[in-house]
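See below for the structure under consideration.
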Amino acid sequence: MSRTLNLPYHEEIRHYLTEQRFPLYLSKPVFEHLIHFMDAVTQKGFSGTLTDVHTLSRERRHRTTLSHFLHRGVWDEQWMQRHLNQRSLRKIQQHAKRTGLPIYAILDDSVCEKTKPSSRAMSAIQQADFHFSHGKGGPVWGHQVVVLLLRCGDRCLPFAFRRYDKSGVGKIALACELLETLPVFEHPTYLLMDSWYTSVKIVDLASTKGLQVIGGLKTNRILFPQGIRIPGSAFAGHIRKADTRLVTVGNASYRVFRYEGALNGIANAVVLLTWPEDSFGHPSTLRYYLSTDVSLDEEEILMRYANRWAIETFFQQMKGKYAFDRYRIRSVRAIERFWILLLLTFFYCAETGSGDESLGLKRIRHRREHGLLDWIYHQFQQAVPLKQVKEQLNIA
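For the sequence shown, full-length UniProt numbering assigns the number 1 to the initial residue and increments by one for each residue that follows.
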């Protein structure tokens, strides 16, 4: 009896991958593992374990073959990453051309938290370390991944990622490596990031790619109002309420002061100093935003920066739906392969939903349930014995 079971929902994944010529780059066993992996990830209850992949996808080969697939399988994950880069860019650029909307390249990082092993652990997870977690406001043990996301209108796709290793290049240098993989944009495109990444090096690199930068800014950044060198935090103390404008973005209103001029390392840019409407002058509520596009007014800068939250939503989706941080794998290469396969599955869901990942995932699950029932009904119509059906579904 064949070890490969061609269920209807497997065929949909097979068709999706074949259209992208995956069989030309992957051996047949690797291709079949990929189909089963994507099938399992899209099901309710997937918790990130290889046992789940084996059970949920009704894989008939032994579970250890999945471990081999991730750890030592012969396939080029770098080719797959480049393929996803190109596909993401093409889809977003096509949508931008149709709609005329700007493109946003969004840069941020997230920590996949793990339990710190004891000093006696014989086989601890590779290259885990303490990393700062924005969500928890302090260091946590695990792996940190830096992601570059592309967005246009309601379309949002991951472009590239790198795992941050403290023993390697710095995080700014790592972010620059990601930005280097972008083409030079002719369509209006903005690089969005928080204050951790808004550095002269990234701003300079962005300009070579045709990117305008809108980012958070640290309060100690040096400004030069009327040629006087002063930290932003000190400058804020000289601003009166009458010097600000009331700006509404979404459901929130802010008191905003606009500075346009030089910063350390930047010849000319706009810096917005903002306070919530009801707490003007409170240092703890003061936020700074940089825009290298000086033609934008205050509302436009803040509205465009609000698109940065798409990457926060993306991290929540990847961790909540796709178990991005719940892997139980020790090898760092296997972990990075695991991430790439999850991103591929995200693409599959987004494209099934015509750009809406949540809708696509819902459609895939619906089709899977109905397809399985149709397949079982067809087996009984063909008088296939119940025992054989159970064996084929790996539930005997």
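Every residue, glycine too, gets a C-beta built ideally from N, C-alpha and C. Owing to the predicted nature of the structure, the values given are computational and were not obtained by experimental measurement.
Between the C-alpha atoms of residue i and residue j, what's the straight-line distance to the nearest angstrom?
i: Lys-136; j: Val-256; result: 29 Å
i: Val-247; j: Tyr-254; result: 5 Å
i: residue 405; j: Ala-206; result: In the structure as shown, the chain begins at 1 and stops at 396. Residue 405 is therefore absent and cannot be evaluated.
i: Gln-379; j: Val-389; result: 7 Å
i: Gly-210; j: His-187; result: 8 Å
i: Asp-39; j: Glu-299; result: 44 Å
i: His-134; j: Val-270; result: 26 Å
i: Leu-359; j: Ala-334; result: 29 Å
i: Arg-304; j: Arg-63; result: 47 Å
i: Lys-362; j: Trp-141; result: 33 Å
i: Leu-84; j: Leu-26; result: 15 Å
i: Gln-316; j: Cys-349; result: 16 Å
i: Pro-385; j: Ile-364; result: 28 Å
i: Asn-307; j: Gln-382; result: 54 Å
Considering only DSSP beta bridges, list what residue i is partnered with.
i: Trp-275; result: Arg-255
i: Leu-107; result: Leu-148
i: Gly-45; result: Bridge partners of Gly-45: none, in fact.
i: residue 403; result: Given that the chain is displayed from residue 1 to residue 396, the structure contains no residue 403 and the question cannot be resolved.
i: Met-303; result: Bridge partners of Met-303: none, in fact.
i: Arg-82; result: For Arg-82, which the question treats as bridged, DSSP gives no partner whatsoever.
i: Gln-212; result: Tyr-190
i: Phe-132; result: Pro-139
i: Thr-65; result: In DSSP, Thr-65 forms no bridge with anything.
Spatial neighbours of residue i within its chain, please: C-beta separation below 6 Å, excluding the five flanking residues on both sides.
i: Leu-17; result: none
i: Met-80; result: Ile-340
i: Lys-28; result: none
i: Gly-215; result: Met-193, Thr-198 and Leu-290
i: Leu-342; result: Tyr-322 and Phe-324
Checking 8 Å against the spacing of the C-beta atoms, do residue i and residue j come in under that value?
i: Gly-261; j: Asn-251; result: no
i: Tyr-190; j: Gln-212; result: yes
i: Val-145; j: Trp-339; result: yes
i: Ala-323; j: Phe-31; result: no
i: Val-332; j: Gln-20; result: no
i: Gly-48; j: Arg-330; result: no
i: Arg-34; j: Gln-43; result: Residue 34 is actually Leu in this sequence, not Arg. The answer is no: Cβ separation not under 8 Å.
i: Ser-88; j: Phe-161; result: no
i: Glu-12; j: Arg-367; result: yes
i: Ala-124; j: His-143; result: no
Within a Cβ cutoff of 8 Å, which residues of the same chain sit near residue i, ignoring the five residues on either side of it in sequence?
i: Leu-302; result: Val-247, Val-249, Tyr-254, Val-256, Leu-272, Thr-274 and Tyr-289
Spatial neighbours of residue i within its chain, please: C-beta separation below 7 Å, excluding the five flanking residues on both sides.
i: Ile-311; result: Ile-106, Asp-108, Val-147 and Leu-149
i: Met-1; result: With a pLDDT of 42 at Met-1, under the threshold of 50, the predicted position of this residue should be treated as unreliable, and no value is reported.
i: Arg-14; result: Ile-35
So, does the region 153-163 touch the region 91-98, judging by three or more C-beta pairs under 8 Å?
Enough Cβ pairs lie closer than 8 Å, so yes.
Is there contact between the region 206-221 and the region 287-306, where contact requires at least three CB pairs shorter than 8 Å?
Counting Cβ pairs under 8 Å, three or more are found: they touch.
Taking three-plus beta-carbon pairs below 8 Å as touching, is the region 99-119 in contact with the region 369-379?
no
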